[in-house]
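Undergrad: Heads up: the sequence shown is residues 6 to 391, going by our numbering.
Think of the CB as a built atom: it goes at the ideal place given N, C-alpha and C, for glycine as much as any other residue.
Source: prediction; values computed, not measured.
Can you read through this structure? Questions will come right after.
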Amino acid sequence: MVRMIKNVKVFAPEYLGVKDIVFDKEILYVGESINTDVLPFEIEIYDANGLYLIPGLIDPHVHITGGGGEGGFVTRTPELDFSECVKNGITTVIGCLGTDGITRSLENLYAKAKSLETEGINTYIYTGSYRVPPVTFTGSVMKDIVLIDKVIGVGEIAISDHRSSQPTFEEIARIVADTRVASLLSGKPGIVNFHVGAGSSGIDYLFKLIDTTEIPIHHLYPTHMSRNRTLFEQGLEFIKKGGTIDLTALQPEELPNEIESFNTVNCIVEIYENKMLDNVTISSDGQGSLPRFDKDGRFLGLSVGSVSSVPHTLKRVVEKGVPFEDALKISTTNPAKVFNMKKGKISKGYDADFVVIDLESWKISTVVSRGEFVMKDGIVKPRIFK
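Here it is in structure tokens:
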């Protein structure tokens with residue numbers, strides 16, 4: 006069915022002014038007010054009453070089946086709930102396994118992705134987990150990417166971390182090479198998502214790959230790059246070489262205490278000031294465990310990542326002086342570019358994923374995903390179990 010959102014102030018992410026948006030699965034029209042009485046088809050109209058409309062947010066690193074387990078079975082974290090995405094304006098997620106590739110399976114990851122898609126948001130997944138060689142569906146990273154619809158790459162492979170399998174450079178190079186060829190064969194982005202820990206080697210392997218192989222840098226996508234200052238400095242060098250880095254969004258409970266400390270918000274401000282903002286994304290690590298260890302590597306406790314960290318971080322970045330339309334790129338056009346998606350922009354021909362928001366309160370009222378209203382005036386669409 007064709008739908009229209011009228012009387013809405015559009016950030017596309019650049020500001021377009023007050024427009025009407027006509028859409029089905031894709032955006033059909035963005036422009037001045039139109040007379041719907043003369044249209045030769047039925048149209049559902051939603052009046053935004055002068056609120057703002059932005060592209061649906063893309064969260065490129067979410068543990069949709071839950072994560073964790075670093076403190077034993079009782080610390081396994083719960084699955085992602087559809088409503089948590091919608092209430093926070095997230096219309097696209099990329100699901101992954103993490104530390105636990107034993108009691109968490111790719112089959113379950115795939116099923117959860119299909120479930121979330123049926124409920125109404127866009128989903129993709131990585132094959133693999135922290136470990137090398139990667140866990141796979143078919144026994145082959147290449148086959149997984151080429152043959153399984155939702156698989157767009159490999160990840161999150163752990164490097165420079167005490168929880169990694171301590172892979173060699175040659176093992177990493179082979180995974181990236183296989184992903185590159187699978188990308189060519191399938192027409193998919195072929196991204197290798199690296200979980201980067203606090204170890205001293207940082208992303209040395211990635212720099213070596215760039216310097217010693219012919220593999221394009223756009224296949225390499227390191228995350229958690231705001232973990233510490235040294236790693237962040239490596240991330241800036243990675244950007245200068247043409248790469249894109251992912252920063253882990255600040256959880257809401259972190260925001261009140263972050264003003265003077267080294268953190269993702271301040272990293273984004275620094276990147277903006279250095280005119281590098283087109284090469285950075287943020288992700289929530291949603292439903293993943295956020296464990297704490299002592300200096301000897303003993304588990305102390307954990308919290309659980311929330312997808313709400315994405316809009317919270319964007320809000321804080323804007324409050325720190327980054328223009329809204331620039332901050333918005335971090336979760337819209339930038340990840341869309343990394344993953345070669347027709348998303349992240351309010352323009353004719355792009356996917357109909359967008360959010361109606363009050364920018365004074367940052368309250369999200371209405372969300373459209375895949376051309377359907379998945380939340381309208383604060384009410385999430387009915388689902389089987391809710």
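Within the continuous beta strand (DSSP E) that includes Asp251, where are the two ends?
TA: Unbroken beta strand (DSSP E) run through Asp251: 250-253.
Undergrad: What residues match up with Pro227 in a beta bridge as DSSP calls it?
TA: Paired residues: Phe199.
Undergrad: With a threshold of 8 Å on Cβ separation, who are the neighbours of Gly302 within its own chain once the five nearest residues in sequence on each side are excluded?
TA: Excluding sequence neighbours, Gly302 sits near His167.
Undergrad: Going by C-alpha to C-alpha distance, which of Gly22, Val270, Pro45, Gly73 sits closest to Phe304?
TA: Checked all of Gly22, Val270, Pro45, Gly73; the closest Cα to Phe304 is Gly73.
Undergrad: Just the C-alpha distance for Gly310 and Pro316, rounded to the nearest angstrom, thanks.
TA: If you take the alpha carbons of Gly310 and Pro316, they lie about 13 Å apart.
Undergrad: Considering only the alpha carbon of each residue, which of Ser38, Cys272, Ser352, Phe199 lies closest to Ser231?
TA: Checking every option, the nearest Cα to that of Ser231 belongs to Cys272.
Undergrad: Do you know offhand how far Tyr277's Cα is from Val327's?
TA: Whole-angstrom Cα-Cα distance: 7 Å.
Undergrad: Answer yes if the segment 237-255 comes into contact with the segment 278-287, meaning at least three C-beta pairs across the two stretches below 8 Å, and no otherwise.
TA: Result yes; three or more Cβ-Cβ pairs closer than 8 Å.
Undergrad: Smallest Cα separation from Glu258: which of Gly36, Val7, Thr318, Ser374?
TA: Checking every option, the nearest Cα to that of Glu258 belongs to Thr318.
Undergrad: Figure out for me which residue from Phe78, Gly94, Glu84 has the closest Cα to the Cα of Gly100.
TA: Per the Cα distances, Glu84.
Undergrad: Measure from the alpha carbon of Leu44 to the alpha carbon of each residue in Asn54, Gly71, Val23, Met9, then state which is nearest.
TA: Closest option to Leu44, Cα to Cα, is Met9.
Undergrad: I believe Gly195 touches Gly158 by the beta-carbon criterion, under 8 Å. Please report the beta-carbon distance rounded to the nearest angstrom.
TA: Their Cβ separation, rounded to whole angstroms, is 6 Å, which keeps Gly195 and Gly158 in contact under 8 Å.
Undergrad: Smallest Cα separation from Lys342: which of Val360, Tyr20, Gly247?
TA: Checked all of Val360, Tyr20, Gly247; the closest Cα to Lys342 is Gly247.
Undergrad: Report the three-state DSSP secondary structure of Gly73 (helix, strand or coil).
TA: DSSP places Gly73 in strand when its eight states are reduced to three.
Undergrad: For my contact list, Asn12 and Val23 are in at a C-beta cut-off of 8 Å; report their separation, rounded to the angstrom.
TA: So it is a contact: roughly 7 Å between Cβ atoms.
Undergrad: Looking at C-alpha atoms only, which residue of Thr228, Thr70, Ser188 is the closest neighbour of His200?
TA: For His200, the nearest C-alpha among the options comes from Thr228.
Undergrad: Going by the DSSP bridge assignment, what does Asp52 pair with across the sheet?
TA: Looking at the DSSP assignment, Asp52 forms a beta bridge with Lys11.
Undergrad: Unbroken beta strand (DSSP E) runs of length 3 or more, entirely within the segment 89-169: which are they?
TA: Correct list: 95-100, 127-132, 156-164.
Undergrad: Do you know whose CA, among Leu236, Glu37, Phe243, lies nearest Lys213's CA?
TA: For the residues Leu236, Glu37, Phe243, the minimum Cα distance to Lys213 belongs to Phe243.
Undergrad: Given a cut-off of 7 Å, decide if Ile153 and Thr97 are closer than it, judged by their beta-carbon atoms.
TA: No, these two residues do not count as a Cβ contact at 7 Å.
Undergrad: Give a yes or no on whether the C-beta atoms belonging to Arg234 and Phe267 are separated by under 7 Å.
TA: Against a cut-off of 7 Å, the Cβ pair of Phe267 and Arg234 comes out as a contact.
Undergrad: Would Ile32 and Ala357 be called neighbours here (beta carbons separated by less than 7 Å)?
TA: In contact: Ile32 and Ala357 (Cβ atoms closer than 7 Å).
Undergrad: Can you list, in chain order, the residues of its chain whose CB lies under 8 Å from that of Glu19, leaving out five sequence neighbours each side?
TA: The answer, listed in chain order, is Glu330.
Undergrad: I'd like the ranges of any beta strand (DSSP E) spanning at least 3 consecutive residues and lying wholly in the segment 276-357.
TA: 285-288, 294-298, 304-309, all fully within the segment 276-357.
Undergrad: Can you tell me which of the three DSSP states Lys24 falls into?
TA: Here Lys24 sits in strand by DSSP.
Undergrad: Does DSSP put Gly36 in a helix, a strand or coil?
TA: Correct three-state label for Gly36: strand.
Undergrad: Put Phe78 into one of helix, strand or coil per three-state DSSP.
TA: Residue state, collapsed to three classes: helix.
Undergrad: Pro194 by DSSP, collapsed to three states: which one?
TA: It is coil, neither helix nor strand.
Undergrad: Whose C-alpha, out of Val15, Met6, Tyr34, Asp25, is nearest the C-alpha of Tyr355?
TA: Here the closest residue by C-alpha is Tyr34.
Undergrad: Under the three-state reduction of DSSP, which class applies to Asp64: helix, strand or coil?
TA: If DSSP states are grouped into helix, strand and coil, Asp64 belongs with the strands.
Undergrad: Can you tell me which of the three DSSP states Thr235 falls into?
TA: Three-state result, Thr235: helix.
Undergrad: Assuming the contact rule is C-beta atoms closer than 8 Å, Ser165 and Gly202 should be a hit. Round their C-beta distance to whole Å, please.
TA: Confirmed, Cβ separation roughly 5 Å.
Undergrad: For the beta strand (DSSP E) holding Lys368, just list the boundary residues, first then last.
TA: Start and end: 368-374.
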